Amino acid sequence: MNPNNEKYAEALRRLLVIMNELRAKCPWDSKQTLDSLRHLTIEECYELSDAILEGDLEEIKKELGDVMLHIVFYSKIGAEKKAFDIADVMNGVCEKLIARHPHVFGDVTVKNEADVKRNWELLKLKEKGDNPSVLAGVPKSLPALLKALRIQEKASAVGFDWQRREEVWEKVEEEIAEFKESMSREEAEQEFGDLLFSLVNYARFVDINPETALEKSNKKFIKRFNYIESATLAAGKSLQEISLADMDAYWEKAKIIV
């Protein structure tokens, strides 16, 4: 037995006791519902994502605690409704992990990570039964870029996919050409969407998460633009007072520093 098991159990018990106290005695916590917590949970997940991208382990620990609090909060509300409790939540995910890892807990043999992912998607479909849509499990509220990736992964799991990444790049080039030839705003919007979709597909083939890649570029731009602002202020000016050439010069310096 892992000697840390009791420590983990005690920490969870402590959190559950605190949650019970808050639900009973705090005016704010006592009023929360599944719906009212939803947007806060999404915010906490994005804050965790930010901490991961920054590689800040201390901040990751804090944000994981916030996410854990939300899991316990939802479970407490579920128990009040006599629908489920924290034990049901944990046992449910345990059963799912065992069922979807037959290569670990059963006699299925896999060759690599790709086999594991393919089996996972096929097992999800089998669990739903009654001929469910392959794409039914893609959450409607996912950000569009991440949704495109999940759509493509699920289609791939049942064999609907390109064979070589060169074929995918040819599709990207085809979509670029069609976008450049667009005659109207509506057509351009449609072709731009197709281009993004094909780029996400290519990213998948070269093992890049497009959502992560774009967010890293966003953060890089913010840091470099912040440098331009700081350097401009240090020179006693505002951005509105300097030329584009000056901004470009600061940008080149920022590329070296950031």
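Residue numbers for the sequence shown follow full-length UniProt numbering, so the first one is 1 and each next one is one higher.
Each residue gets a CB set at the ideal place from its N, CA and C atoms; glycine is no exception.
Please read these numbers as outputs of a predicted model, since none were measured by experiment.
Between the stretch 72-81 and the stretch 12-22, the count of C-beta pairs closer than 8 Å reaches three or more; the two stretches touch.
With 16 or more other CB atoms across the displayed protein chains lying within 10 angstroms of its CB, Lys154 is buried.
Between Arg100 and Leu123, the C-beta spacing is below 8 Å. If you draw a 10 Å sphere on the C-beta of Leu34, you find fewer than 16 other C-beta atoms in it, and that means exposed. Put simply, of Leu214, Ala51, Lys96, Glu175 the residue whose alpha carbon is nearest the alpha carbon of Phe197 is Glu175. By the Cβ criterion, the stretch 190-205 is in contact with the stretch 163-174, since at least three pairs of Cβ atoms, one from each stretch, lie closer than 8 Å. With at least 16 other beta carbons inside 10 angstroms of its own, Tyr250 counts as buried. Taking the Cβ atoms as the reference, Ile228 lies roughly 6 Å from Met247, within the contact range of under 8 Å. If you look at Lys237, you'll find it isn't in any alpha helix (DSSP H); DSSP assigns it neither H nor E. Distance between Leu57 and Leu15, taken at the CA atoms: about 21 Å. Secondary structure in the stretch 116-160: no beta strand (DSSP E) run of 3 residues or longer lies completely within the stretch. In this structure, Val93 keeps its C-beta atom at 8 Å or more from the C-beta atom of Pro102. Bounds of the alpha helix (DSSP H) holding His70 are 57-80. Following the DSSP letters along the chain, one finds Gly106 in no alpha helix (DSSP H), marked with neither H nor E. Per DSSP, reduced to three states, the secondary structure at Pro3 is coil, with no helix or strand assignment.
The Cβ neighbour count for Lys76, taken over all protein chains shown within 10 Å, is at least 16; the residue is labelled buried. Rounded to whole angstroms, the gap between the alpha carbons of Ser141 and Glu191 is 23 Å.
In chain order, His103, Val116, Asn119 place their CB closer than 8 Å to the CB of Val110, counting only its own chain and leaving out the 5 sequence neighbours on each side. Residue state for Cys45 is assigned as helix, using DSSP reduced to three classes. A contact is defined here as three or more CB-CB pairs under 8 Å, and the stretch 238-247 fails this definition with respect to the stretch 81-89.
Gln163 sits in coil when the DSSP states are folded into three classes, being neither helix nor strand. Under the three-state reduction of DSSP, Arg185 is assigned to helix. For Cys26, the secondary structure class from DSSP, reduced to helix, strand or coil, is coil.
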